[in-house]
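Input: a single structure, listed below in structure tokens.
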Amino acid sequence: AQTVTQSQPEMSVQEAETVTLSCTYDTSENNYYLFWYKQPPSRQMILVIRQEAYKQQNATENRFSVNFQKAAKSFSLKISDSQLGDTAMYFCAFMNSGYSTLTFGKGTMLLVSP
Amino acid sequence: DAGVTQSPTHLIKTRGQQVTLRCSPKSGHDTVSWYQQALGQGPQFIFQYYEEEERQRGNFPDRFSGHQFPNYSSELNVNALLLGDSALYLCASSSILPGLQYFGPGTRLTVL
């Protein structure tokens, strides 16, 4: 079974600064997908970024980028130019290729302050 | 284009009762997955429906059952409710393209 570990329960950052959220995972599979989801207080789970394991290039979406280290089974999220609206719970998630079910970590609460 | 919708938003039940939660997938999606998110935890996979059949199931007891209708909407049923069933229940829909699941706003279930 796959496991996803987020070792930072809470993180704080000031507006306009950069913050990195950590995630490690364990799997014996070679083909899979990794995700970062954002869950603000409104509870809606929003997809932030997606990485396909067979792609060596790190995914980027505007201010959000990942550092994907397949050998180390590490998948961190970097948020640049943090904004107040980035305050939310962030979940790292894993999906096996061929399946379509997500395994989530416990989440990291990110607080962006003025 | 409507996204994933869920009803009701909130629900309060007592132990031993039964509950039904509903989900309508995003337009063009044919697969619905259900997740349970306990307070302070990440979501846990309950089961997934495709072509009106349960395709995959997580580690949940048989008290949790579901259904998918021809229009791809889905229901989650929980029988003999326990206090521990109190959680946010999330529905996610997807299509053939693997890896892209879109979530609804969730139903907050409180069992007293």
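Sequences listed follow chains A and B, in order. Position one of the first sequence corresponds to residue 10 (the numbering used here), numbered consecutively onward. Position one of the second sequence corresponds to residue 926 (the numbering used here), numbered consecutively onward. For glycine and all other residues, C-beta sits at the position ideal for the given N, C-alpha and C. Bear in mind the structure is a predicted one, so any value in this text is a computation, not a measurement.
Asp1010 (chain B) sits in a helix when the DSSP states are folded into three classes. Chain A has a Cβ within less than 8 Å of the Cβ of Ser958 (chain B).
Under the three-state reduction of DSSP output, Gly94 (chain A) falls in the helix class. Secondary structure in the segment 31-72 of chain A: the beta strand (DSSP E) runs of 3 residues or longer, each lying completely within the stretch, are 33-35, 41-48 and 55-61 in chain order. Going by C-alpha positions, Gly983 (chain B) is about 10 Å away from Leu111 (chain A). The beta carbon of Ser990 (chain B) lies closer than 6 Å to those of Asn1002 in the same chain, with the five residues before and after it left out. Its Cα nearest to that of Thr1035 (chain B), the residue B:Thr939 stands out among B:Thr939, B:Gly928, B:Gly953 and B:Pro933. Look at the segment 980-1008 of chain B: the residues with a C-beta under 9 Å from a C-beta of chain A are Arg980, Gln981 and Gly983. Proximity of the segment 10-29 of chain A to the segment 77-88 of chain A meets the contact definition, three or more beta-carbon pairs being nearer than 8 Å. Scanning its chain for C-beta atoms nearer than 6 Å, with the 5 sequence neighbours on each side dropped, one finds around Ala68 (chain A) the residues Ile58, Gln60 and Val75, in chain order. Taking a beta-carbon distance threshold of 8 Å, Ser949 (chain B) does not count as an interface residue toward chain A.
Using a C-beta cut-off of 8 Å, the segment 943-956 of chain B makes no contact with the segment 96-103 of chain A, since fewer than three inter-stretch Cβ pairs fall below that distance. DSSP, reduced to helix, strand and coil, places Glu976 (chain B) outside both helices and strands of the structure shown, so it counts as coil. For Lys115 (chain A), the residues of chain B that pass the 9 Å Cβ criterion are Gly965, Gln966 and Gly967, in the order they occur in the chain. Within a 10 Å sphere around the beta-carbon of Ser109 (chain A) sit 16 or more other beta-carbons, which makes this residue buried. Counting along the chain, no beta strand (DSSP E) covers Thr939 (chain B), and no H or E run does either. Sixteen is the threshold: when 16 or more other Cβ atoms of the shown chains lie within 10 Å of the Cβ of Thr117 (chain A), as they do, the residue is buried. With fewer than 16 other Cβ atoms from the protein chains shown falling within 10 Å of its own Cβ, Tyr63 (chain A) counts as exposed. Under DSSP, Asn76 (chain A) forms a beta bridge with A:Ser85. Within a 10 Å sphere around the beta-carbon of Ile55 (chain A) sit fewer than 16 other beta-carbons, which makes this residue exposed. The beta-carbon of Leu936 (chain B) is placed no less than 8 Å from the nearest beta-carbon of chain A. Around Pro968 (chain B), the same chain offers Tyr960, Gln962 and Leu1015 as residues with beta carbons nearer than 6 Å, after the five sequence neighbours per side are excluded. Annotation for Glu19 (chain A): Met118 place their beta carbon closer than 6 Å to its own, counting only its chain and skipping 5 residues before and after.
One finds Met54 in chain A with Cβ atoms closer than 8 Å to the Cβ of Leu1015 (chain B), taken in chain order.
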